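Encoded as structure tokens, the structure appears first; notes follow it.
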């Protein structure tokens, strides 16, 4: 098995850093499981196709499996994380289009 890297955006790192210690420990444990078994999370559909979600209590960790890496996209409460993830993906796509011009 090829070792994988974990890529976490700084804004997600900051969010995790400020979590309650017990929750932080659970999030880190979930990320460790995902590194070992990337298919552990639920495959998302429709506009979020290609992403996966793993549950940590009321939180969800949204990630994608890339060659040699797990890329965390977002972390947040189930009630809002999917809309937030869509917003982030649209923003990133818009920024990429702006750089191509």
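In my numbering, the protein residues as written are 62 to 162. We treat Cβ as the ideally placed atom computed from N, Cα and C, and that holds for glycine. Note that the structure is predicted; figures quoted are calculated from it, not measured.
Tell me where the beta strand (DSSP E) around residue 89 begins and ends. Looking at the DSSP string, residue 89 is not in any beta strand (DSSP E); the run it does join, the alpha helix (DSSP H), is 82-97.
Rounded to a whole number of angstroms, what is the C-alpha to C-alpha distance between residue 126 and residue 132? 6 Å
Using the DSSP secondary-structure output, state which residues sit across from residue 122 in a beta bridge. Partner(s): 115 and 136.
Option in 130, 124 and 92 with minimal Cα separation from residue 147: Scanning 130, 124 and 92 for the CA closest to the CA of residue 147 turns up 124.
Whether or not the segment 135-145 and the segment 106-123 are in contact is what I'm after, with contact meaning three or more pairs of Cβ atoms, one per stretch, closer than 8 Å; do they touch? Taking 8 Å as the limit for Cβ pairs, the verdict is that the segment 135-145 does touch the segment 106-123.
Endpoints, the beta strand (DSSP E) within which residue 67 is located: 66-68
Since residue 76 is in the alpha helix (DSSP H), which residue starts that stretch and which ends it? 71-78
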